[in-house]
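Chemist: Residues 1 to 89 in full-length UniProt numbering are what the sequence shown spells out, letter by letter. I have a structure I would like to understand better, so I am pasting it below and will then ask my questions one at a time.
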Amino acid sequence: MSNLSQKKRSEMLDYLKHLKKIHNNDESRIALDQIESALTEKKYGLVWEKHEEDVYKNLKHNIPVFSESKSRKIIANKNDNLVLLQSFK
C-alpha cells in the first residue's frame with residue numbers, strides 16, 4: 001500500500017530539482033531551498049496521511065461475489081419463543 005502524501009511530496013521535490021536547474025539567481029535558490037526544507041522536515045504529533053486502502057484498489061477491477069455457506073447457517077430452535085424484531089405501540 002503506497003502513501004499518497006509521500007508520492008505527492010516526492011513529485012514536488014522532483015519538480016523543485018527541475019526548478020533549481022532552471023533558476024540560477026540567489027533569491028530563487030534561497031526560496032526553493034526553503035520550500036524543500038519545509039517539505040522534508042520531520043512532522044511530529046498525530047498526522048493523518050491520506051492513502052488508498054487495498055480494498056478500494058481491488059474493487060476497481062474485481063466485483064465481489066457472495067456465496068452461501070451451509071456450514072455457517074444460523075439455526076434457531078423452533079420450540080424457543082424468540083422474537084428478534086418486535087414493534088412497541
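Every residue, glycine too, gets a C-beta built ideally from N, C-alpha and C. Keep in mind the model is a prediction, meaning the values are calculated, not measured.
#1: Where E27 and R9 are concerned, what is the direct C-alpha to C-alpha distance, given to the nearest angstrom?
#2: Do you know how far the Cα of E52 is from the Cα of H18?
#3: For S5, I'd like the list of residues in its chain whose CB is within less than 7 Å of its CB, leaving aside the five on either flank, ordered along the chain.
#4: Identify the continuous alpha helix (DSSP H) that holds H18 and give its terminal residues.
#5: Sort out for me which residues DSSP pairs H51 with in a bridge.
#6: Compute the Euclidean distance between the alpha carbons of S69 and K57, then round it to the nearest angstrom.
Modeler: Inspection of the coordinates gives the following:
#1: Numbered from its first residue, the sequence shown carries residue 27 at position 27. Numbered from its first residue, the sequence shown carries residue 9 at position 9. Each residue's alpha carbon lies about 23 Å from the other.
#2: Taking the sequence shown and counting its residues from 1, the one referred to as residue 18 is at position 18. Taking the sequence shown and counting its residues from 1, the one referred to as residue 52 is at position 52. Across the structure, H18 and E52 are spaced so that their CA atoms are roughly 28 Å apart.
#3: Position 5 of the sequence shown, counted from the first residue, corresponds to residue 5. Once the five neighbours on either side are set aside, the close Cβ partners of S5 are E49 and K50.
#4: Along the sequence shown, one-based indexing puts residue 18 at 18. In the DSSP annotation of this structure, the continuous segment of the alpha helix (DSSP H) that includes H18 starts and ends at L4 to I22.
#5: As a working mapping, residue 51 is identified with position 51 in the sequence shown. As computed with DSSP, H51 is found in a beta bridge with N3.
#6: The count along the sequence shown starts at 1 and reaches residue 69 at position 69. The count along the sequence shown starts at 1 and reaches residue 57 at position 57. The alpha-carbon atoms of S69 and K57 are separated by roughly 26 Å.
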